[in-house]
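Enquirer:
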Amino acid sequence: MIGKRMRHIGRYHEIAVALLRHGFGMIVDELGFSSFLSLPPRWRAEQGKKEGKTVGERLRLVLEELGPTFVKLGQIASTRPDLIPAPIISELEKLQDQVPPFPFADVRRRVETELGGSLETLFRSFDETPLAAASLGQVHRAVLPSGQAVAVKVQRPHIAARMETDLDILQDLAVLAERRLDWAATYQLSEIVDELARSLQQELDYTVEARHAERFAQQFADDSSVYVPKVFWDYTTKTVLTLEYVEGMKLGELERLKANGHSLKTIAERLAEATFKQMFEHGFFHGDPHPGNVLVLDDGTLSFIDFGLMGRLRPHVKHHLSSLIIALMRQNTDGVLGAIYGLGIVPDGVDEGKLRDDLDELREKYYRIPLGEISLGEAVEDLLSVAFRYGIRIPSDLTLLGKALLTVEGVVETLDPQFRIMDVAEPFGRKLMKERLRPDRVAETAWKRIFDYGEWLLRLPEGVKEWTKMMRHGKLRLEITAPDLEALLKKLDQITNRLSFSIVLLSLSIVLAGLMIASSLGRPSTLLWKIPAVEIGLGASAFLFGWLLYSIFRSGKF
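Each residue of the sequence shown is one higher than the one before, starting from 559 at the first, in our numbering.
1. Please state if the CB of residue 878 and the CB of residue 897 are separated by a distance shorter than 8 angstroms.
2. If you draw a straight line from the alpha carbon of residue 1087 to that of residue 1104, how long is it in whole angstroms?
3. I need the straight-line Cα distance from residue 833 to residue 568, nearest angstrom please.
4. Is it buried or exposed for residue 743, if we count other Cβ within 10 angstroms and need 16 for buried?
5. Under the rule that 16 or more other beta-carbon atoms within 10 Å means buried, what is residue 776, buried or exposed?
6. Do residue 861 and residue 803 count as a contact pair if the criterion is CB distance below 8 angstroms?
7. Evaluate residue 700 with the Cβ neighbour count: other Cβ atoms within 10 Å of its Cβ, from every protein chain shown; 16 or more gives buried, anything less gives exposed.
8. I need the straight-line Cα distance from residue 920 to residue 855, nearest angstrom please.
9. Quick one, are the C-beta atoms of residue 762 and residue 845 less than 8 angstroms apart?
10. Going by DSSP, which residues form a beta bridge with residue 785?
11. Buried or exposed, going by whether 16 or more other CB atoms sit within 10 Å of the CB of residue 603?
12. Measure from the alpha carbon of residue 946 to the alpha carbon of each residue in 1017, 965 and 917, then state which is nearest.
13. Checking 8 angstroms against the spacing of the C-beta atoms, do residue 796 and residue 764 come in under that value?
14. From what residue to what residue does the alpha helix (DSSP H) around residue 774 run?
15. Can you list, in chain order, the residues of its chain with a C-beta nearer than 7 angstroms to that of residue 942? Leave out the 5 residues immediately preceding and following it.
16. Taking residue 727 and residue 573 to be in contact with their CB atoms under 8 angstroms, please state how far apart those CB atoms are, rounded to whole angstroms.
17. Quick one: what does DSSP say residue 676 is sitting in, helix, strand or coil?
18. Near residue 634, what residues of its chain come up, given a Cβ to Cβ distance below 7 angstroms and the 5 sequence neighbours on each side ignored?
19. Taking the alpha carbon of residue 706 as the reference point, which residue from 793, 669, 714 and 628 has its own alpha carbon closest?
20. Between the Cα of residue 661 and those of 649, 637 and 698, spot the shortest distance and give me the residue it belongs to.
21. Can you round the beta-carbon distance between residue 847 and residue 687 to whole angstroms, since I take them to be within the 8 angstroms contact cut?
22. Nearest-angstrom Cα distance between residue 910 and residue 900?
23. Whole angstroms is fine: what's the gap from residue 668's alpha carbon to residue 853's?
24. Among the candidates 570, 590 and 647, whose CA atom is the shortest distance from the CA of residue 624?
25. Does any CB atom of chain E fall closer than 8 angstroms to the CB of residue 1020?
26. Mind checking who residue 844 pairs with in its DSSP beta bridge?
27. Inspect the beta-carbon positions of residue 619 and residue 628 and report whether they are closer than 8 angstroms.
28. Can you tell me which of the three DSSP states residue 722 falls into?
29. For the alpha helix (DSSP H) containing residue 586, list its first residue and its last residue.
30. Let me confirm a value: residue 632 is counted as buried when at least 16 other C-beta atoms fall within 10 Å, else exposed. Which label applies?
31. According to DSSP, simplified to helix, strand and coil, what is residue 637?
32. Going by alpha carbons, who is nearest to residue 849 out of 826, 871 and 838?
33. Within its chain, find whatever has a CB closer than 8 angstroms to the CB of residue 646; leave out the 5 residues flanking it on each side and keep chain order.
34. Are the beta-carbon atoms belonging to residue 691 and residue 659 less than 8 angstroms from one another?
35. Ignoring anything shorter than 4 residues, give me the alpha helix (DSSP H) runs that lie fully in the stretch 911–982, in order along the chain.
36. Among 841, 906 and 770, whose alpha-carbon lies nearest the alpha-carbon of residue 876?
As structure tokens, this is what we get:
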């Protein structure tokens, strides 16, 4: 770790200065930057300067100042309301990914190196001016030798190495924070950073995006209302992606759409149907369906573009999601609670009573509201807010689903304010529930559980053998925790002392009874070698009895 810090000392310094500049000096101190960085006194003075900005605003400025890695991580983090407070989420959503394009000479060098030929040989034409530029790369329009128009995405030079360095530093800082800060340990900050880093590393590999595009196209192979650009694999590598060029109007261009004879209501309906088909039917959906990523073609067909951020609803998530929908429809708080437990990782010690109260309050919010007026995206966001309050970790794909739903609902409302998105969502929700209750699906679930139990029974003898071996070697530890253990031990002490007192009192009574009987029979005192043994025993018993009483009363545990 020390070697890593020395190797990236310059970048650590940039991060510390950015934090200080925007009023996060306390974090710099708590993470111990001063132990291996020499920060100028004028920067130390900046710790208190916040210029009236909120924490979220200052955090956004820090991320923008630190560049592409931090901007992308902030954008990914903005999809996780189960991990980050809502005020900060709203600021992270403002992060801008628009950056100046890099020189065409770098584009040429990258394409020719990756595809193994000169630009003139590979393409009939290649526009020098990019169509769009972002933090990871930029897109150029080109034409293949066959005459096919394509969009070529080219990764920025050195961006992968720079991001690898930044991710190394972030993972180091996350581990450091968990050691020094209670909140970082509670929220398992290093695991969160690892999860965000994996998402970012996937975006750096353009072959992943190409596979996403092909899988997405297969879902709509029989649907003429949606078109997905074709991937040209001969012109695609990890840092160069070539897709069919699709020309159309963006969803945000309302006046242009109307001028070209398109019905905004029809477009809204198609977008809603395509969205719910992705999510609830196939379980593989576009994670960022904002107006710039969905085009309307001349014939009214929708074309999705940019497949870098995609979500998956795995079978167990779909199962618990359907349980959640059923519970919400039936106004069943226990069902909602069970679905949340199934969907997320609930920390030990969570106050289930308070959690149930919050869910009851949430249920009341949607009680008796007409189905057409319910926002699915808002409902999911509300559930994620409850999860955040109780530290419940929700699958990232479900949080992405909530974000995508909110985006689509916003776009649909802009296209046609009178359109009721739940009219489209309800059939998909019912289909999801019916699919779960299908006899073959129920049988499959039952068989899987039987198989799992069978596996467990087969492994049981081996487990018992291992436990026995550990017991023989004294390596098996039994740890029992009880919330009222101290009170229980005190009570045991009282019972033990009372038993001791009773036994001594009984013994003394027996001796006294024996003496009384002997005296009544008129026998002389018993002597052992002329020693009064009974009298001495009585005296010793009385002494011990008195000492025991004194000890018990002094301990306060009688």
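Backbone N, C-alpha and C fix where the C-beta goes; we use that ideal spot for every residue, glycine too.
Expert: Checking against the coordinates, here is how it stands:
1. Cβ atoms of residue 897 and residue 878: closer than 8 angstroms.
2. At residue 1087, the pLDDT of 48 sits below 50, so the modelled position is not reliable; the number obtained from the coordinates is stated separately. If I take the Cα positions, the gap works out to 28 angstroms.
3. About 45 angstroms.
4. Here residue 743 is exposed: its Cβ has fewer than 16 other Cβ atoms, across all protein chains shown, within 10 Å.
5. Flag for residue 776 reads exposed.
6. Against a cut-off of 8 angstroms, the Cβ pair of residue 861 and residue 803 comes out as no contact.
7. Label assigned to residue 700: buried.
8. So the alpha carbons of these two residues sit roughly 41 angstroms apart.
9. Taking a C-beta distance under 8 angstroms as the contact criterion, residue 762 and residue 845 do not qualify as a contact pair.
10. As a beta-bridge residue in DSSP terms, residue 785 pairs with 861.
11. With a pLDDT of only 45 at residue 603, under 50, the local geometry of the prediction cannot be trusted, and the value read off the model is given with reservation. Exposed: under 16 other Cβ atoms inside 10 Å.
12. Comparing Cα positions, the closest option is 917.
13. With a cutoff of 8 angstroms on beta-carbon distance, residue 796 and residue 764 are scored as near each other.
14. Per DSSP, the continuous alpha helix (DSSP H) segment holding residue 774 begins and ends at 764–777.
15. Contacts found: 639, 640, 952, 957 and 960.
16. Right, their Cβ atoms sit about 7 angstroms apart.
17. In the three-state reduction of the DSSP assignment, residue 676 falls in the coil class.
18. Once the five neighbours on either side are set aside, the close Cβ partners of residue 634 are 754, 757 and 758.
19. Residue 706 has its Cα closest to that of 793, out of 793, 669, 714 and 628.
20. Out of 649, 637 and 698, 698 has the C-alpha closest to the C-alpha of residue 661.
21. Going by Cβ atoms, the distance from residue 847 to residue 687 rounds to 27 angstroms, so no, they are not a contact pair.
22. Annotation: residue 910 to residue 900 spans about 14 angstroms, alpha carbon to alpha carbon.
23. Distance between the alpha carbons of residue 668 and residue 853 is about 29 angstroms.
24. With distances taken between Cα atoms, residue 624 lies closest to 570.
25. Looking for chain E here will not work: only one protein chain is present.
26. According to DSSP, residue 844 bridges with 868.
27. In this structure, residue 628 does not lie closer than 8 angstroms to residue 619 by Cβ.
28. In the three-state DSSP reduction, residue 722 falls in the helix class (H, G or I).
29. Per DSSP, residue 586 is one residue of the alpha helix (DSSP H) stretching across 583–588.
30. Residue 632 comes out buried.
31. In the three-state DSSP reduction, residue 637 falls in the coil class, being neither helix nor strand.
32. From the listed residues 826, 871 and 838, the smallest Cα separation to residue 849 is found for 826.
33. Closer than 8 angstroms at Cβ, skipping near neighbours: 613, 614 and 617.
34. Contact: yes.
35. The stretch 911–982 contains these whole alpha helix (DSSP H) runs: 934–947 and 954–973.
36. Comparing Cα positions, the closest option is 841.
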